Amino acid sequence: AGSFYGYAYKTLSGIERTPLDESDLGIETADYKSVRNIALLGIDSRQDNDSGRSDAIVILTIDKKHKKLKLTSIARDTYVSIDGHSKDKLTHAGIYGEDASIRTLENLYNIDISYYVRVNFTTLIDVVDAIDGVDVWSDYEFDCYTDHKVHIDKGWNHLNGRQALAFCRERYSFPDGDNQRGKD
(Lines of atoms letter the chains of each structure in order from A and count residues from 1; the text may use other names and numbers.)
(Lines give C-alpha, C1' and ligand atoms only; values in the text may rest on other atoms or scores of the structure.)
Protein backbone atom coordinates (compact mmCIF):
# COMPACT_ATOMS: atom_id res chain seq x y z
CA ALA A 1 0.00 0.00 0.00
CA GLY A 2 2.84 2.35 0.88
CA SER A 3 4.59 1.67 -2.43
CA PHE A 4 1.38 2.28 -4.36
CA TYR A 5 0.76 5.55 -2.47
CA GLY A 6 4.33 6.68 -3.18
CA TYR A 7 4.04 5.80 -6.85
CA ALA A 8 0.59 7.43 -7.14
CA TYR A 9 1.83 10.62 -5.42
CA LYS A 10 4.87 10.82 -7.72
CA THR A 11 2.77 10.16 -10.82
CA LEU A 12 -0.05 12.54 -9.91
CA SER A 13 2.31 15.36 -8.90
CA GLY A 14 3.72 15.31 -12.44
CA ILE A 15 0.33 15.60 -14.16
CA GLU A 16 -0.41 18.81 -16.00
CA ARG A 17 -3.36 20.52 -14.36
CA THR A 18 -5.81 22.74 -16.21
CA PRO A 19 -8.03 24.63 -13.76
CA LEU A 20 -11.75 24.88 -14.39
CA ASP A 21 -13.33 28.34 -14.29
CA GLU A 22 -15.45 27.79 -11.15
CA SER A 23 -17.41 31.03 -11.67
CA ASP A 24 -18.73 29.59 -14.94
CA LEU A 25 -19.82 26.19 -13.59
CA GLY A 26 -23.18 27.33 -12.23
CA ILE A 27 -23.60 25.11 -9.16
CA GLU A 28 -23.73 26.44 -5.60
CA THR A 29 -21.56 24.37 -3.27
CA ALA A 30 -22.43 25.72 0.21
CA ASP A 31 -24.56 22.66 1.08
CA TYR A 32 -21.91 20.19 -0.05
CA LYS A 33 -18.66 21.31 1.60
CA SER A 34 -17.88 17.76 2.77
CA VAL A 35 -18.51 16.24 -0.68
CA ARG A 36 -16.12 16.44 -3.62
CA ASN A 37 -17.02 15.15 -7.08
CA ILE A 38 -14.32 14.35 -9.61
CA ALA A 39 -15.16 13.54 -13.24
CA LEU A 40 -13.13 10.65 -14.67
CA LEU A 41 -13.14 10.92 -18.45
CA GLY A 42 -11.81 8.16 -20.68
CA ILE A 43 -11.15 9.89 -23.98
CA ASP A 44 -11.41 8.04 -27.30
CA SER A 45 -8.02 9.24 -28.52
CA ARG A 46 -4.38 8.24 -28.80
CA GLN A 47 -3.13 11.85 -29.02
CA ASP A 48 -2.45 13.99 -25.94
CA ASN A 49 -3.75 17.21 -27.50
CA ASP A 50 -7.04 15.77 -28.78
CA SER A 51 -10.19 16.45 -26.73
CA GLY A 52 -12.02 13.54 -28.35
CA ARG A 53 -15.26 11.95 -27.26
CA SER A 54 -15.68 10.77 -23.70
CA ASP A 55 -15.82 7.01 -24.25
CA ALA A 56 -16.07 6.31 -20.51
CA ILE A 57 -17.59 8.72 -18.00
CA VAL A 58 -17.44 8.07 -14.26
CA ILE A 59 -18.06 10.43 -11.35
CA LEU A 60 -15.95 9.75 -8.28
CA THR A 61 -17.69 11.14 -5.19
CA ILE A 62 -15.67 11.61 -2.01
CA ASP A 63 -17.90 12.13 1.03
CA LYS A 64 -15.66 13.23 3.90
CA LYS A 65 -18.52 13.56 6.39
CA HIS A 66 -19.68 9.94 6.00
CA LYS A 67 -16.21 8.65 5.00
CA LYS A 68 -17.43 7.04 1.77
CA LEU A 69 -16.29 6.81 -1.83
CA LYS A 70 -18.76 6.27 -4.64
CA LEU A 71 -18.20 5.60 -8.34
CA THR A 72 -21.07 6.39 -10.69
CA SER A 73 -20.76 5.26 -14.30
CA ILE A 74 -22.68 7.44 -16.74
CA ALA A 75 -23.84 5.89 -20.03
CA ARG A 76 -21.97 7.58 -22.87
CA ASP A 77 -25.10 7.57 -25.07
CA THR A 78 -27.22 9.48 -22.52
CA TYR A 79 -29.12 12.12 -24.51
CA VAL A 80 -28.44 15.52 -22.90
CA SER A 81 -28.41 19.25 -23.50
CA ILE A 82 -24.73 20.04 -23.98
CA ASP A 83 -24.09 23.37 -22.28
CA GLY A 84 -23.68 26.06 -24.92
CA HIS A 85 -24.52 23.66 -27.74
CA SER A 86 -27.41 21.46 -28.92
CA LYS A 87 -28.88 18.25 -27.53
CA ASP A 88 -26.74 15.23 -28.29
CA LYS A 89 -25.16 12.15 -26.72
CA LEU A 90 -23.15 12.90 -23.58
CA THR A 91 -20.06 11.39 -25.23
CA HIS A 92 -20.06 14.25 -27.75
CA ALA A 93 -19.68 16.95 -25.07
CA GLY A 94 -15.97 16.09 -24.98
CA ILE A 95 -15.56 17.42 -28.52
CA TYR A 96 -16.19 20.91 -27.13
CA GLY A 97 -13.60 20.45 -24.38
CA GLU A 98 -13.55 19.39 -20.75
CA ASP A 99 -15.40 22.51 -19.56
CA ALA A 100 -18.40 21.56 -21.73
CA SER A 101 -18.32 18.00 -20.39
CA ILE A 102 -18.14 19.19 -16.78
CA ARG A 103 -20.89 21.82 -17.13
CA THR A 104 -23.14 19.29 -18.89
CA LEU A 105 -22.65 16.71 -16.09
CA GLU A 106 -23.22 19.37 -13.42
CA ASN A 107 -26.44 20.56 -15.04
CA LEU A 108 -27.67 17.02 -15.67
CA TYR A 109 -27.24 15.89 -12.05
CA ASN A 110 -27.26 19.26 -10.23
CA ILE A 111 -23.88 18.56 -8.63
CA ASP A 112 -20.60 20.41 -8.27
CA ILE A 113 -17.60 18.95 -10.11
CA SER A 114 -14.48 20.91 -9.27
CA TYR A 115 -11.91 18.50 -10.69
CA TYR A 116 -11.53 16.06 -13.51
CA VAL A 117 -9.07 13.44 -14.71
CA ARG A 118 -8.77 12.92 -18.45
CA VAL A 119 -7.14 9.73 -19.69
CA ASN A 120 -6.61 8.78 -23.32
CA PHE A 121 -5.66 5.35 -24.69
CA THR A 122 -1.91 5.83 -24.28
CA THR A 123 -2.21 7.14 -20.71
CA LEU A 124 -4.44 4.22 -19.69
CA ILE A 125 -1.92 1.73 -21.03
CA ASP A 126 0.94 3.52 -19.25
CA VAL A 127 -0.86 3.71 -15.89
CA VAL A 128 -1.93 0.05 -15.92
CA ASP A 129 1.56 -1.09 -16.93
CA ALA A 130 3.13 1.12 -14.23
CA ILE A 131 1.18 -0.76 -11.53
CA ASP A 132 2.00 -4.15 -13.10
CA GLY A 133 -1.48 -4.74 -14.47
CA VAL A 134 -5.00 -4.95 -13.12
CA ASP A 135 -7.26 -7.82 -12.11
CA VAL A 136 -10.74 -7.73 -13.64
CA TRP A 137 -13.72 -10.03 -13.30
CA SER A 138 -15.75 -11.00 -16.33
CA ASP A 139 -19.07 -12.85 -16.34
CA TYR A 140 -18.38 -13.85 -19.95
CA GLU A 141 -15.66 -15.44 -22.08
CA PHE A 142 -14.94 -13.49 -25.26
CA ASP A 143 -12.29 -12.04 -27.56
CA CYS A 144 -11.84 -8.30 -27.88
CA TYR A 145 -9.67 -6.23 -30.17
CA THR A 146 -7.86 -2.90 -30.07
CA ASP A 147 -4.48 -3.16 -31.77
CA HIS A 148 -4.49 -6.93 -31.36
CA LYS A 149 -6.73 -9.77 -30.19
CA VAL A 150 -7.17 -10.18 -26.43
CA HIS A 151 -8.89 -13.25 -25.00
CA ILE A 152 -10.89 -12.73 -21.80
CA ASP A 153 -11.82 -15.79 -19.71
CA LYS A 154 -14.91 -16.03 -17.57
CA GLY A 155 -13.82 -15.18 -14.01
CA TRP A 156 -10.68 -13.31 -12.93
CA ASN A 157 -8.21 -12.06 -15.54
CA HIS A 158 -4.90 -10.28 -14.94
CA LEU A 159 -4.45 -7.71 -17.72
CA ASN A 160 -1.53 -5.55 -18.83
CA GLY A 161 -2.12 -2.05 -20.23
CA ARG A 162 -2.94 -3.04 -23.83
CA GLN A 163 -5.21 -5.86 -22.66
CA ALA A 164 -6.97 -3.52 -20.20
CA LEU A 165 -7.58 -1.00 -23.00
CA ALA A 166 -9.12 -3.70 -25.19
CA PHE A 167 -11.30 -4.87 -22.28
CA CYS A 168 -12.43 -1.29 -21.50
CA ARG A 169 -13.38 -0.63 -25.11
CA GLU A 170 -15.29 -3.89 -25.68
CA ARG A 171 -19.06 -3.48 -25.87
CA TYR A 172 -20.21 -5.95 -28.51
CA SER A 173 -19.56 -9.23 -26.67
CA PHE A 174 -21.88 -8.46 -23.77
CA PRO A 175 -25.57 -9.42 -23.95
CA ASP A 176 -26.50 -5.92 -22.70
CA GLY A 177 -23.90 -4.08 -24.81
CA ASP A 178 -22.61 -0.78 -23.48
CA ASN A 179 -24.77 -0.97 -20.33
CA GLN A 180 -22.99 -4.17 -19.28
CA ARG A 181 -19.61 -2.60 -20.00
CA GLY A 182 -20.48 0.24 -17.62
CA LYS A 183 -21.35 -2.24 -14.90
CA ASP A 184 -18.07 -4.14 -15.33
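Using the numbering used here, the letters of the sequence shown map in sequence onto residues 6 to 189.
For glycine and all other residues, C-beta sits at the position ideal for the given N, C-alpha and C.
Note that the structure is a prediction, hence the values are computed from the model and not measured.
For the pair of segments examined, the segment 156–168 was found to touch the segment 127–139: the number of CB pairs separated by less than 8 Å reaches three. Straight-line measurement puts the Cα of Ser86 at about 26 Å from the Cα of Cys173.
Of Gly47, Asn42, Lys38 and Ser39, the smallest CA-CA separation from Val132 is found for Gly47. Nearest C-alpha to Val40 among Ile64, Asp49, Asp60 and Ser59: Ile64. Residue nearest to Ala61 within the set Lys73, Lys94 and Asn115 is Lys94 (criterion: CA-CA distance). With respect to Leu129, Leu170 sits close: the two C-beta atoms are nearer than 8 Å. Among the bridge pairs identified by DSSP, Arg123 is matched with Leu46. Rounded to whole angstroms, Tyr84 and Asp152 show a C-alpha spacing of 30 Å.
Beta bridge pairing from DSSP links Gly160 with Ser143.
For Ile107, the enclosing alpha helix (DSSP H) stretches over residues Glu103 to Tyr114.
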